[in-house]
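Some notes on the structure that comes next.
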Amino acid sequence: MSVDFISDYLASSLRLSVPLAYAALGGLFSERSGVLNIGLEGMLLTGAFTSAATTFYTGNVWAGIFTALIAGGLVGFLHAFLCVSLRVNQLVSGLAINLVATGLTSFLARLLFNSSSGTQRLPTVPQIRIPVLANIPIVGVLFRQDILVYILFSIIVLTTYFLFYTNLGLNLRAVGEYPKAADTAGISVTLVRYIAVVTGGCIVGCGGAYLVLVQVNYFVEEMSAGRGFIAIASLIFGKWHPVGSFLACLLFGATEALQLRIQAFSVNIPYQFLTMLPYTVALLALAGGIGKSTPPTALGLPYNRNSIKG
Amino acid sequence: SNQTSSTTSNNSGGFKIAIALPGVISDKAWNQSGYEGVQLAKQKLGVEIAHVEKVTQADQTEVLSDFARRGYNLVIAHGGQFDAAISQIAPQFLDTFFIGVNGSVSGANIASLRIDHLQVSYLCGIIAASMTKSNKLAYIAGQEFQATQEELRGFELGAKSIKKDIQIASTFTGDWNDVAKAKEATLALISTGADVIYQWLDSASPAVLQTASDKGVYAFGNTKDQSDVAPKAVLTSAVKHLDVAITYLVELAQKKELKGQIYKLGLERPDILTLGKFSQIVSQPIQKQALNTKQQIVDKKITFVNCQEAGKNTLCIKKV
Amino acid sequence: MSYLRLENITKKFGTFIANDNINISIESGTIHAILGENGAGKSTLMNIISGLYQPDNGQIYLQNKPVKIASSDVAIKLGIGMIHQHFMLIPQLTVTENIILGQSKNIHLNIRQKQAEVIALSQTYNLEIDPTAKVEDLPVGIQQRVEILKVLYRQAKLLILDEPTAVLTPIEVKSLILILRQLAERGHTIIFISHKLEEVIKCDTVTVLRRGKVITTTKTQQTTPQQLAELMVGRQVSLCLDKQPVAKGEVILSVKNLHVKDNRGIAVVRNVSFEVRAGEVLGVAGVDGNGQSELVDSIYRTPYSYMSRVRRVGYIPEDRQKTGLILRFNIAQNLILKAFKNQPFSRRGLLQQDAIKTNAVSAMEEFDIRAPDVNVPVSQLSGGNQQKIVLARELAGEPDLIIAMQPTRGLDVGAIEAVQQRLLAQRERGAAILYISTELEEVIAISDRIAVMYKGEFVGILDAANTTVAEIGWLMGGGKR
Amino acid sequence: MITKRFLPIFSPLIAITSALIVGAFLIFIAGANPIAAYTALFQESLSTYFGFGNTLTKMAPLLFVSTGVLFGLKAGQFNIGGEGQIYFGALGSTLVGLYIQAPSFIHVPLALLAGFIFGAFWGWIPGYLKAIRGVNEVITSLLLNYIAINLISYLTQNPLKELNAPSPYSPLIAKSAQLPIILPGSLAHGGILLAIIVVGIIWIIVNRSTLGYRITAVGLNPKASDYAGISVQCTIMLAMTVAGGLAGLAGASEVMGLKYRLFEQISPGYGFDAIAIAFLSRGSVLGLVLVSLFFGALRSGANVMQRSAGAPVTVIYAIQGLTVLFIAIGLALEHRLIQSNNVDHR
Ligand SMILES: Nc1ncnc2c1ncn2[C@@H]1O[C@H](COP(=O)(O)OP(=O)(O)OP(=O)(O)O)[C@@H](O)[C@H]1O
Ligand SMILES: Nc1ncnc2c1ncn2[C@@H]1O[C@H](COP(=O)(O)OP(=O)(O)OP(=O)(O)O)[C@@H](O)[C@H]1O
Ligand SMILES: [Mg+2]
Ligand SMILES: [Mg+2]
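Residue numbers (the numbering used here), protein chains in the order written: chain G, 1 to 310; chain Z, 1 to 320; chain W, 1 to 481; chain A, 1 to 346.
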């Protein structure tokens, strides 16, 4: 097996993991604060669509990324408003966001992109080579990535720092575990949850931008293709820890890249068994002992100061 | 926009046709071509049209029977997956004619329309085998079913008619919407050495072609002439004018000449199935060879027949 | 000078009036006790002072200035610190994290420095603590300490302690009261809620609440425990149990050389042997976290290892809300939690609603469970009534062995009386009772013999008639005989 | 208060109306006629014979699966594996329908049973992993969906494929294993009646049986249940298994009543709709039936809106999402209203 092949494989695994990881990290913010987020799929799709639309009209990828961030944040705000202020069932809110996002992005995509003939071909985000490191054999590819990948890495580091080494992060965790205790300590549960869900939405939106601006350079209806759900699986798998979740995403990405390569080698296995490989591997890993992960205690429970259940 | 489906207003006497599409009409490929088919028929023949997109398998029978019940004269089901539903529904509505595109059913009021995908992929196989340096070709599609299998087989037969020991890898992504995955699948194929790629994808096909172009390998367009998507990579395209084919059958139906049979349309109808523009990269001798073979197929000097290979039913070439 | 003054405070939940026109004035630098039955409205009132609830009516004055306490944050800024009855600690976080929660405006969390601050604070007040321990790993007594440190860390001038001693050992209570005294002398004002009259009597003043209304406020020197109990309950209560002698029967429970390890592999019960006979109460005294829970758990989960034949076992768990009851089930449903599969509650796999209801009605009558009807979810009952439901269920069917773990924790005197009398009635019937408690007087009053547990071992089994609080207390603290 | 009584009826109605108003706006932008579209939606899905038949046909699988989801929820288990369990159930009854010959009165129950068992097996796996190994059932049941779908794809493409079929599907199952049509001429089949009967049985189990008591107890407080001598592990496994079995019945009824064969994509996402249905039903069985009916109407009405009024499918998705959203908001607001007027029991 050649060096190129391995470094191609690494790069492919990474590319397949990046949108998942954005979604998972976005979900992490929300869920650590106690707000369940099944709506990652819809947020990804919204980010993808808005970045495509903006870049299509402005020709500027940065504008695209920025609007994806804002749009993701707005969907997050909607989710927060529904779950935190109105205390709508968090699961239903997420499912509804997915449905609405699927419908609206497809609807708008047809209005915007179909009128102009041919495929939209969007500019791409430039690659940045990190000097010296980019020249290392095999792993060098990891340092020849576009800015969104580096941003993702910094988000992982920053999120870890934020959660465990800042006061706000402490507040966030407290709110997710025992909101009433946080409330009595003078923390505004509502504010923290809003911030968390909106920030999370912004991050997921960037994942959508990556999908469009880095991976395929055009928008397609329902192009998130279930990534939001895999991101949730990764989040649980990674035990709601930024690094753990990222590694779980990497596992999904790497097995996906692997199965595509097995197919490419014409190994005589029905393709369906290869397509299901990432899911099977994850399932076996869970069953085989990586197992137990305890969610934030207050996950999914709306907080109401006047109720007996804290 | 061009959402011009008619309402059911009863300007009776008019010929009414409807199409049920498994996917979205904006996919720039299979479903869109079906949609364009009924649009073309409306334009050319003045028929009244209606369509439904995203018909899931659970909805097929409902959609077909509902159109029939509303008095549509012709109901087109766009995809082989409708075959079972057609055989279930058609006997109950003898006043309506059903057409299964890509199907293999026929009956009193059932016809199937099949494009002979294999003929044109055979030609592409010849071109691919002549262009490859690595002796590795690749086929990529969303899912495996009869049409993709036939197309792959044609590609293989064509390639092997040039180079016996050539290798062909195939990848099925399992999801027609997942463009990013299709792109990664292409990259995986390229990284294992494939240097000519034949693809059949909907929304994802531009991603495959552009990736091939970026990586300096060759590819074929499919369904439409896609040479403008990635001029450096696309050698030629397997052009399938489904809209024309559909209009042709609609016209037959309008004239009450449609028969309960399988209409297999191939290279003999260049307005329906043909090779697209050749890229300059494809040398004249190769182009000529492809075109010669095409003529042989049209003249039925080369035909494809059922046979067994390695214990499996498949298709083989028969040269006369 | 009055530090805190409440004027006409009223709080309603729906149509229910939890606080009815309350007027109290609390002097600066004093310890002011609030006494009242379960559900009298004490916690509600304190939640109003600490900003968690808003009163429907009335005005709060702090140092004679009217204040509006809109949230916990405001309360903290006003120097009001509350230690809630149900701890407001986050089990997954460390001691330090809990103490500093919500206090720093900095971005970076310098945990080392904060730990040092916590240590310094704990030394100042003599409240020893491991700042890096996770709260969920700490025994409740220590958790209580964390709560106090949390309030002190916020530099509260007014400390509200809602039943702080319910989970403390006598020694801990003593030291807490000492600490409170010390704090009062330093100028802190303290509101102290307790059901224990001997603690209340050590405060400076006391206000008695009954059904949301202030009954009286008086200096403790001018009253007696007996008087207070009667004011609170509104009737005569007997503060001493009268225990009939009962002939002891066969050995029901026999534990020999029991060892238990916890899930981290540490031995928590070591070489424990004892017997309990029919008609006998064996008290187990000890500081919380010395292996009592593990001992009881092990007996309850594998009773056949300790009994010569299959017997009925009744179990009153330590935490009635988490392990004793299903809070969202109603009274009738909770009462059949153990017997739902049996006749007459079940026939051919179907629940028999009539039988279930009849059972509940009679249990409510027999155990004096106060609720409008059997369909009230138990989450809406006061602690005392919740405990009576557990008792009614566990004592049904004449169990041979009853394990009662802290059965009176958090209950008012009236409720305690009721619980203990039920248990003694079972003893007279011939049940063997294992009674685990941290309340020494209670253990001595109810037990025939008392085992003292220390660091997983039984350091002595004493005859209840011939022992003293001092002796047991000494053994509990690790003293040798 | 009188208004409070009618709140459960009014609030969904207001929610649906709001969703339709937003939808009308979108339909208009798309160049179709909203009034025509909505006329089609309501006339067809609820008031015409065939349209109502279609609605019922869609309701059947939704009702089966959402009952399963609710059953799991009662035990505190969140089964999002309905989709995979439908596929497995469909497989089970297809196998019996294809390879066993028996008279109808044996063949039909046998095929249904097989559907139940296959679905139950697929539900048991996450139940087992949760109960015994503590693995979060949300993630495992989600992963199992993908595995089931690919497995069925393989089977319909290879060993089970009908000869010369242009698309992956199995041969027709035996006539004797097919469910009868209950509304002649329409597609409404016996699976609908079965679904309603099953819902009734589940209602009795949940509300009237000791088993239901046990499951609810575990769902509300596993620790207390454990102390009371209930086996929490068994209960969790049982609940997930039954939930899977019910979803399996959805697959079985789709095969035996509607399609008469196994398809590569037998379920268009019923497993996910069912989750929303279970939550919107407020845990009541009547709610389950009504919400399933409504979703069925929406699904079949969606097709009609496309067919006869040219409303694009994208708008229909948006309307569905908005409807779910607005109903959920309505429920939340209603809950608050009731809470704020709450009368304490003492
Ligand atoms: N949030 C609430 N909603 C409705 N009723 C409440 C609420 N909080 C308390 N109550 C009711 O108010 C009454 C007073 O409760 P409170 O908690 O103040 O009692 P307490 O005096 O602290 O009792 P205990 O000694 O048991 O702690 C109780 O009857 C209780 O049912
Ligand atoms: N929102 C509420 N609605 C109804 N009842 C409530 C509400 N909040 C509290 N209560 C009830 O008020 C009563 C008093 O509350 P509190 O928290 O003081 O419990 P408690 O009686 O002291 O019990 P414990 O023994 O656990 O200390 C409890 O029975 C509690 O369930
Ligand atoms: Mg209280
Ligand atoms: Mg209490």
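Don't be surprised by glycine CBs; every beta carbon is placed ideally from N, CA and C.
For the beta strand (DSSP E) containing residue i, list its first residue and its last residue.
i, result
"W:S437", "A432 to S437"
"W:T217", "K213 to K219"
"Z:E48", "E48 to V52"
"Z:Q199", "V196 to W200"
Closer than 9 Å by beta-carbon distance: list the chain Z residues that pair up with residue i, in chain order.
i, result
"A:I266", "Q57 and A58"
Terminal residues of the continuous alpha helix (DSSP H) containing residue i?
i, result
"A:A90", "G82 to Y99"
"G:F49", "L40 to T58"
"Z:K183", "V179 to S191"
"Z:V239", "Careful: Z:V239 lies outside any alpha helix (DSSP H), inside the beta strand (DSSP E) at V234 to K240."
"W:P407", "First-last for W:P407: undefined, no H or E at that position."
"W:L178", "P170 to E185"
How many whole angstroms separate the CB atoms of residue i and residue j, which I take to be in contact at a CB cut-off of 8 Å?
i, j, result
"A:V108", "A:L183", "With 8 Å as the limit, A:V108 and A:L183 do not qualify as a contact, their Cβ atoms being about 18 Å apart."
"A:M305", "A:W124", "With a Cβ gap of about 40 Å, A:M305 and A:W124 do not count as contacting."
"W:I129", "W:V146", "7 Å"
"Z:A18", "Z:V55", "Their Cβ separation, rounded to whole angstroms, is 11 Å, which puts Z:A18 and Z:V55 out of contact at 8 Å."
"A:A311", "A:I27", "5 Å"
"A:S66", "A:S281", "7 Å"
On the CB-based measure, 16 or more other CB atoms within 10 Å of its CB, does residue i come out buried or exposed?
i, result
"G:L126", "What sits at residue 126 of chain G in the sequence shown is Pro, not Leu. Exposed, by the Cβ-count rule."
"W:H84", "buried"
"Z:D299", "exposed"
"Z:I197", "buried"
"G:H79", "buried"
"G:S117", "Model confidence at G:S117 stands at a pLDDT of 43, short of 50, so the residue's coordinates are unreliable and nothing is read from them."
"W:M88", "buried"
"A:P61", "buried"
"W:M1", "exposed"
Residue i versus chain A: which residues are under 8 Å apart at the beta carbon?
i, result
"Z:K54", "V313"
"Z:L66", "For the record, residue 66 of chain Z in the displayed sequence is Asp; it is not Leu. Within chain A, the residues near Z:D66 are F50, N54, N303, V304 and R307."
"G:N89", "F279, A328, L331 and A332"
Counting only Cβ pairs nearer than 8 Å, list the residues of chain Z close to residue i.
i, result
"G:E222", "N177"
"G:A257", "E184 and A188"
"G:F265", "A169 and T192"
"A:E347", "Outside the shown range of chain A (1 to 346) lies residue 347 of chain A, about which nothing can therefore be said."
Please compile the residues from chain W whose C-beta is within a distance smaller than 9 Å of the C-beta of residue i.
i, result
"A:V231", "Residue identity differs from the one stated: residue 231 of chain A is Ser in this sequence, not Val. Chain W residues near A:S231: none, gap ~12 Å exceeds 9 Å."
"G:R173", "I90, Q92, L93 and E97"
Applying a beta-carbon distance threshold of less than 7 Å, which residues of chain A neighbour residue i?
i, result
"Z:A180", "Within chain A, no residue comes near Z:A180; the closest Cβ sits about 17 Å away, beyond 7 Å."
"G:V92", "A276, F279, L280, V324 and A328"
"Z:E144", "Q157"
For a contact meaning CB atoms closer than 7 Å, what does residue i contact in chain G?
i, result
"A:N136", "I236 and S293"
"A:S153", "Q272"
Which chain W residues sit within Cβ distance under 7 Å of residue i?
i, result
"A:L213", "Going by the sequence as given, residue 213 of chain A is Tyr instead of Leu. Residues of chain W passing the Cβ test: F340 and L351."
Comparing the C-beta of residue i with each C-beta of chain D, is any distance below 8 Å?
i, result
"W:K357", "Absent here is chain D; the protein component of the structure consists of chains G, Z, W and A."
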